[in-house]
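Report on one structure; see the data block that follows.
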Amino acid sequence: MSEKIYMGIDLGTSRSALVSNNGVEKVTLSVVGWPKDLIARQMLKQNLLFGRDALKHRLSLNVVYPLEKGVIKEDEQEKTMAQELIKHLITAVEAPSGAKVYGIIGVPAKASVQNKQVVADIAKTVMDYAAVISEPFAVAYYAGRLDNAMIIDVGAGTVDICRMHGTVPEEEDQITLYKGGDYIDKVFYDTLRSTYSTANFTLNMAREIKERHSFVYNVTRSVSAVFPVNGKPEVFDVTNELKSACESIVPEIVEAVKKLIATYDPEFQELLRENIYLAGGGSQIEGLADMIAAGLADLGGAKVECIDDPLFAGARGALKLAMDMPEEYWMD
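Here the working numbering = 1-based position in the sequence shown + 1.
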């Protein structure tokens, strides 16, 4: 009998993660680059670069983020790059020759049927059996929060919110918002550009500051950054701009959570309010759980916690489900 390799993949706008049943764990930035010209190709000695390698050499590369809002873009070239990114992740598993490869991939909660099919079709070119599920459901499966619980998965491209009630979530159980980490980056960048017009910096530099120092609500800290002005490095206080940018996504999250609570079975709404979990890279924004809980105070209070291992939680849940699924489900 052929060996079976199971893997779970969390496809993200900014980062993608994979875990497999043979112990492999891999995370990469969801960016692909290829040489701009012959000189770049000769220097790099590679046709494709991924993740941080692509960003490190981006001046010599054509660079794309093929997973817009966590789903594969329509452009044929970027579909190809998405396929190469998935293949790049899977090669880390080093499946033995002849092994059957089973994979489950997490995508945004409200990804269309067409988008899910595109992901599944691409996955099936590099694995034997593939299925697609919503990212917050994958997180819930990993954490064992499958009944009377809500997952808020704060990613770069989307914030996916899903209530769990002991079955596979339906359309009305899920909401996708399109103001995630990338939106924070843009607000932060634009505000800095307006406030410090003489400073020279990039969106990527603003993103790196956010990823190191992000905070909201009742957290107190001072954040400074060094930007060149006419080539000379200068120190700028970016505390207020960073806090304001990070808080900009919260009102829509609170309203979406309220909607999912208000439309839940009234006998179980209190349980739902007491079991809200943050996941995704954005869950690491310090103070975010407290700020969301404060926004729900008028409903009678809420308990909001962060899921352990936010970087791999979605991929681990997808792997767990892949290993739990009976063989006949893969054949459908």
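Where is the CB? At the ideal position from N, CA and C, for every residue including glycine. As the structure is a computational prediction, the values presented were derived from the model and not from experiment.
Burial of residue 289 is indicated by the presence of at least 16 other C-beta atoms within 10 angstroms of its C-beta. With contact defined as three or more Cβ pairs closer than 8 Å, the stretch 220-232 and the stretch 201-208 are in contact. Between the alpha carbons of residue 235 and residue 302 lies a distance of about 45 Å. For residue 9, the pairing in a beta bridge is given by DSSP as 20, 105. Around the beta carbon of residue 149, 16 or more other beta carbons lie within 10 angstroms, which makes this residue buried. In the structure shown, the three-state DSSP call for residue 282 is helix. Around residue 144, the same chain offers 308 as residues with beta carbons nearer than 6 Å, after the five sequence neighbours per side are excluded. With respect to the C-alpha of residue 17, the residue from 123, 32, 4, 5 having the closest C-alpha is 32. In this structure residue 152 does not touch residue 160 by the C-beta definition: roughly 11 Å separates them, more than the 8 Å allowed. Taken through DSSP and simplified to helix, strand or coil, residue 255 comes out as helix. Taking the C-beta atoms as reference points, residue 128 is found no nearer than 9 Å to residue 217. Approximately 6 Å separates the beta-carbon atoms of residue 165 and residue 146; this is inside 8 Å, confirming the contact. Apart from the 5 residues on each side of it in sequence, residue 287 sits with its Cβ closer than 6 Å to the Cβ of 216, 220 in its chain, given in chain order. In this structure, residue 84 sits near residue 123, with a CB-CB distance shorter than 9 Å.
Cβ contact annotation for residue 251 (same chain, cutoff 6 Å, sequence separation greater than five): 292, in chain order. In the DSSP assignment, residue 140 falls within the alpha helix (DSSP H) that extends over 136-144. Contact between residue 58 and residue 49 is ruled out by a C-beta separation of about 11 Å, above the 8 Å threshold.
Counting only the Cα atoms, residue 237 lies some 37 Å from residue 86.
For residue 151, the enclosing beta strand (DSSP E) begins and ends at 148-155.
For residue 202, no beta strand (DSSP E) encloses it, and the DSSP letter there is neither H nor E.
Between residue 158 and residue 135, the CB-CB gap reaches or exceeds 9 Å. Secondary structure at residue 131: strand, using DSSP grouped into helix, strand and coil. The three-state secondary structure of residue 270, taken from DSSP, is helix. Straight-line measurement puts the Cα of residue 156 at about 6 Å from the Cα of residue 283.
Residue 40 is classed as exposed because its beta carbon has fewer than 16 other beta carbons within 10 Å across all chains shown.
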